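Enquirer: Supplied in structure tokens, the structure appears directly below.
In structure tokens:
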């Protein structure tokens, strides 16, 4: 059978929509479920009014206040995905080279491919604690005749590893001589306690921080996100806005008003996360540490990890076995370019977590027995 001349750029997105949550014990989620939203009540003007009149600048001011940056360095977007898309459209050029972490959330290398950009994979490995080597990036940058931009996630999706400020600074310094920009998706940083949070754009002049209300707050259906620009990129806001206006215009007024209301209730919206941390996450961490079936780092916070599965390379096959025979969903490492790993999440009730891990362990054992 001939290969598809137009393969999907982002097949993981289709898998999430159609297959990732069909089992009774789904450990595939990377975000919190929808919270109780009785506080959210919008009248007609908040749904249908013109967004730029009041609520759009008000939302960007509020985001700036929360992150300690001027509103001129904030741009609202259609979720973190919309923000990544705008950054790719603005900075990537066909035929030039850009750097992207690997393993990676599949959308990142997909954006590079769509733009016609050649890709340099900045390796992140389990053995290194998923920490990339700035020197490897610097060596590549010295050979670049064009701006070398770096796209990554912090915390890392899929592993949950967190890069320290000095590592981010070293990565930014590696590409700075080329005029490159560090584009950092930080949507999982909202799981951290405030004192743990690291936002690249607040201390690196040529960095972009991307975030939103999807993962920690369970408000993905709002498609509410934002871009924070480092001090050295303030003049780029008008060009990113231009890309947004060309692509989708302004975010919906209802989304902007709901987002503004949500930003006033962030501690309340994080209550389900804190419950998961106290009830389900301890079982998850114990399994990561103690199971003979896996080898894993321990994320400092958050709801996902990316363990290597001992003696399994075809984790896509294992993912199918687990769903079909053990009624448990996980995410195969192949979706991130790292076969042999599974991304596993813990944002479920405690009883579901305990039973799900038991079924996961039994499924891995069954795979081993069939491979003998």
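In the working numbering, the protein residues as written are 1447 to 1818. C-beta: ideal position from N, C-alpha, C; glycine also. Note that the structure is predicted; figures quoted are calculated from it, not measured.
1) Buried or exposed: residue 1775, going by 16 or more other Cβ atoms within 10 Å of its Cβ?
2) Could you pull out every unbroken beta strand (DSSP E) segment of at least 3 residues lying fully inside the segment 1453-1524, listed in chain order?
3) Using DSSP with H/G/I as helix, E/B as strand and the rest coil, what is residue 1595?
4) Within a Cβ cutoff of 6 Å, which residues of the same chain sit near residue 1390, ignoring the five residues on either side of it in sequence?
5) Taking the alpha carbon of residue 1716 as the point to measure from, which residue in 1583, 1520, 1793 has its own alpha carbon closest?
6) For the beta strand (DSSP E) holding residue 1673, just list the boundary residues, first then last.
7) Counting C-beta neighbours from all protein chains within 10 Å, is the total for residue 1684 16 or more, i.e. buried, or is it exposed?
8) Can you have a look at residue 1732 and say buried or exposed, based on whether 16 or more other CB atoms are within 10 angstroms of its CB?
9) Bridge partners for residue 1808 per DSSP, in chain order?
10) Would you give the residue range spanned by the beta strand (DSSP E) that residue 1612 belongs to?
11) With a CB to CB cut of under 8 Å and the five nearest residues on each side skipped, what residues in its chain are close to residue 1418?
12) List the DSSP bridge partners of residue 1533.
13) Could you name each continuous alpha helix (DSSP H) segment of 4 residues or more that falls completely within the segment 1693-1763, going from the start of the chain to the end?
14) Taking residue 1607 as the reference, which of 1570, 1741, 1623, 1639 has the closest Cα?
15) Where does residue 1494 land, buried or exposed, given buried means 16+ other C-beta within 10 angstroms?
16) Beta-carbon within less than 8 Å of residue 1671's beta-carbon, same chain only, minus the 5 sequence neighbours each way: which residues are those?
17) Along the chain, where does the alpha helix (DSSP H) containing residue 1557 start, and where does it finish?
18) Could you work out which residue in 1593, 1584, 1604 is closest to residue 1614 when comparing CA atoms only?
19) Using only CA atoms, which one of 1768, 1551, 1459 lies nearest to residue 1603?
20) If you run the structure through DSSP and keep just helix, strand and coil, what is residue 1784?
21) Quick check on the burial criterion: 16 or more other C-beta atoms within 10 angstroms. Buried or exposed for residue 1647?
22) Among 1636, 1515, 1452, which has the Cα closest to the Cα of residue 1720?
23) Answer with buried or exposed for residue 1562, where buried requires no fewer than 16 other C-beta atoms within 10 angstroms of its C-beta.
24) Using the C-alpha atoms, what's the distance from residue 1734 back to residue 1688?
25) Taking all protein chains shown into account, do 16 or more other C-beta atoms lie within 10 angstroms of the C-beta of residue 1778, making it buried, or fewer, making it exposed?
26) Kindly indicate the opening and closing residues of the beta strand (DSSP E) around residue 1581.
27) With three or more C-beta pairs closer than 8 Å as the rule, is the segment 1531-1538 touching the segment 1757-1768?
28) Would you kindly work out how many angstroms separate the C-alpha atoms of residue 1580 and residue 1486, rounded to a whole number?
29) Using the Cβ count rule (16 or more neighbours within 10 Å means buried), how would you classify residue 1645?
30) Taking the alpha carbon of residue 1736 as the reference point, which residue from 1807, 1479, 1480, 1450 has its own alpha carbon closest?
31) Buried or exposed: residue 1457, going by 16 or more other Cβ atoms within 10 Å of its Cβ?
32) Excluding the five sequence neighbours on either side, which residues of its own chain have a C-beta within less than 6 Å of the C-beta of residue 1762, listed in chain order?
33) How many Å lie between residue 1673 and residue 1652 at the Cα?
34) Tell whether a beta-carbon distance below 8 Å holds between residue 1755 and residue 1787.
35) Express the C-alpha separation of residue 1640 and residue 1809 in angstroms, rounding to a whole number.
Expert: Quick look at the numbers:
1) buried
2) 1520-1524
3) coil
4) Outside the shown range of the chain (1447 to 1818) lies residue 1390, about which nothing can therefore be said.
5) 1793
6) 1670-1675
7) exposed
8) exposed
9) None; residue 1808 has no bridge partner.
10) Here residue 1612 belongs to no beta strand (DSSP E); instead the alpha helix (DSSP H) covers 1611-1621.
11) The structure shown has nothing for residue 1418, since the chain only spans 1447 to 1818.
12) Paired residue(s): none; residue 1533 is not in a bridge.
13) 1699-1709, 1712-1715, 1717-1725, 1727-1736
14) 1570
15) exposed
16) 1522, 1523, 1524, 1525, 1526, 1527, 1528, 1529, 1633, 1656, 1657, 1658, 1659, 1660
17) 1553-1561
18) 1584
19) Here the closest residue by C-alpha is 1551.
20) Residue 1784: coil per DSSP, three-state reduction.
21) buried
22) 1636
23) exposed
24) Computed Cα separation, rounded: 45 Å.
25) buried
26) From DSSP, residue 1581 is part of no beta strand (DSSP E) but of the alpha helix (DSSP H) over 1580-1588.
27) no
28) Near 44 Å, if we compare the C-alpha coordinates of residue 1486 and residue 1580.
29) buried
30) 1807
31) exposed
32) 1778, 1780
33) The straight-line gap from Cα to Cα measures roughly 13 Å.
34) Yes; because the gap between Cβ atoms is below 8 Å, this pair is in contact.
35) 38 Å
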